[in-house]
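**Q** In terms of this note's numbering, the sequence shown has 828 at position 210, counting the first letter as 1, and numbering is strictly consecutive.
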Amino acid sequence: MKASILISTYNAEEWLHKVLIGFSAQTEQDFEIIIADDGSKPATKHLIDNCQQLFKNPIIHVWHEDHGFQKTLILNKAIIKSQTDYLIFTDGDCIPREDFVATHLKHQEKGYFLSGGYFKLPLSLSQNITPSDILSQNCFRFSWLKKNGLKANFKVLKLTPFTPIAQFMNWITPTKRSWNGHNASGWKQDIIEVNGFNNDMQYGGEDRELGERMFNNGLLSKQIRYSAICVHLEHERGYASLEIWKKNNDIRTFNKKHNITFITNGIDTIIKNETNEI
């Protein structure tokens, strides 16, 4: 297989179903899917079992009990389970355009990770997207989105299918080439070398913190936010907290100041714990 697709989710079966349909429609199909499930109820597993027929390779469901927001922990467990050298990360609320996987593979390069973005949809439109809208790729066309209630703004340029425009926008965008959990990819070995995601962090900058340590470790990044396209389905974020944001920002500030690459509570902690349980 050419890549592993790591999809984080938590009790969002309706959104995850749409995302999996999006991956079933990819022009490049030589990949595995790993669902990083942060403690969802049985309905998520039932959905995954029903969607398995859409893919030629087995869907790996990595799950742990619900003890609050532990996205970094479940993603590290998913990384351990991955069976390829190249990992593409996204969220269970981001539907990929049909060339999403192919674009990540096209731009992969040793010494780099890839930084993508998303096009955010309002809640009503998110709810109204059907499987046929995804398979036909209508949900990535501005004309269709506008017809279904989307208000026009300059951000619709993210949906351009014209490669020269996308390349130009990647070049001029002021957005930083950060690690964005909804749309990023990199070599598994590069992620392991910095010990993966920081298990001490909850919601708020936890994805970017990984990228910052990869920068500290000598990696560069490429901007593909106008090339690797996914649409984001709106939802509530009950796990957001100002206290946790401050804690996460303090961790990131410390790591930048001290050029930290390897954190103490990451992938290796999980491996050690699993070894001790054997």
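No residue lacks a Cβ here, since even glycine has one placed at the ideal position from N, Cα and C. What you are looking at is a predicted structure, and each value in this text was computed from that prediction instead of being measured.
For a quick check, are the C-beta atoms of A846 and N801 less than 9 Å apart?
**A** Contact: yes.
**Q** Between the alpha carbons of E727 and M832, how many angstroms are there, rounded?
**A** Rounded to whole angstroms, E727 to M832 spans 14 Å at the Cα level.
**Q** Starting from C669 and walking both ways along the alpha helix (DSSP H), at which residues does that stretch end?
**A** Taken as a continuous stretch (DSSP letters only), the alpha helix (DSSP H) holding C669 covers P660 to C669.
**Q** Taking F872 as part of the alpha helix (DSSP H), name the residues at either end of that continuous run.
**A** It spans L860 to K875 - the alpha helix (DSSP H) in which F872 sits, taken as one unbroken run.
**Q** Return the chain-ordered ranges of every alpha helix (DSSP H) run that is complete within the region 806-835 and spans a minimum of 4 residues.
**A** Within the region 806-835, the complete alpha helix (DSSP H) runs of at least 4 residues are 806-811 and 824-834.
**Q** For F707, which option in N877, P740 and G814 has the closest C-alpha, if you only look at C-alpha atoms?
**A** Cα-wise, what sits closest to F707 is G814.
**Q** Give the list of continuous beta strand (DSSP E) stretches no shorter than 3 residues that lie fully inside the region 717-767.
**A** Counting whole runs of 3 or more residues, the region 717-767 contains the beta strand (DSSP E) stretches 730-733.
**Q** Taking contact to mean 3 or more Cβ pairs, one atom from each stretch, closer than 8 Å, check whether the region 770-789 and the region 688-704 are in contact.
**A** With the cut-off at 8 Å, the region 770-789 and the region 688-704 do not touch.
**Q** Assuming the contact rule is C-beta atoms closer than 8 Å, F760 and P714 should be a hit. Round their C-beta distance to whole Å, please.
**A** So it is not a contact: roughly 17 Å between Cβ atoms.
**Q** CA-CA distance, T793 and G799?
**A** One C-alpha to the other measures close to 15 Å.
**Q** By the DSSP assignment, the beta strand (DSSP E) with A630 in it spans what residues?
**A** Here A630 belongs to no beta strand (DSSP E), and DSSP marks it neither H nor E.
**Q** For the putative contact between G767 and S744, defined by C-beta atoms under 8 Å, what is the C-beta separation to the nearest angstrom?
**A** Not quite, the Cβ-Cβ distance comes to about 11 Å (not below 8 Å), so this is no contact.
**Q** So does the region 868-875 actually touch the region 803-810, counting three or more Cβ pairs closer than 8 Å?
**A** They do not touch, by the three-pair rule.
**Q** Determine whether the beta carbon atoms of L723 and A630 lie at a separation below 9 Å.
**A** Not in contact: L723 and A630 (Cβ atoms no closer than 9 Å).
**Q** Mapping the DSSP letters down to three states, classify W797 as helix, strand or coil.
**A** In this structure, W797 counts as coil in the three-state DSSP scheme.
**Q** Over what stretch of residues does the beta strand (DSSP E) that includes Q841 continue unbroken?
**A** It spans L838 to Q841 - the beta strand (DSSP E) in which Q841 sits, taken as one unbroken run.
**Q** How close, in whole Å, do the beta carbons of T627 and D655 come, if the pair is a contact with beta carbons under 8 Å?
**A** The Cβ separation is near 6 Å, so the contact holds.
**Q** Starting from the C-beta of I888, find all residues in its chain whose C-beta is less than 7 Å away, skip the five residues before and the five after it, and write them out in chain order.
**A** If we look at I888 and ignore the five residues flanking it on each side, its Cβ neighbours are N694, K695 and I698.
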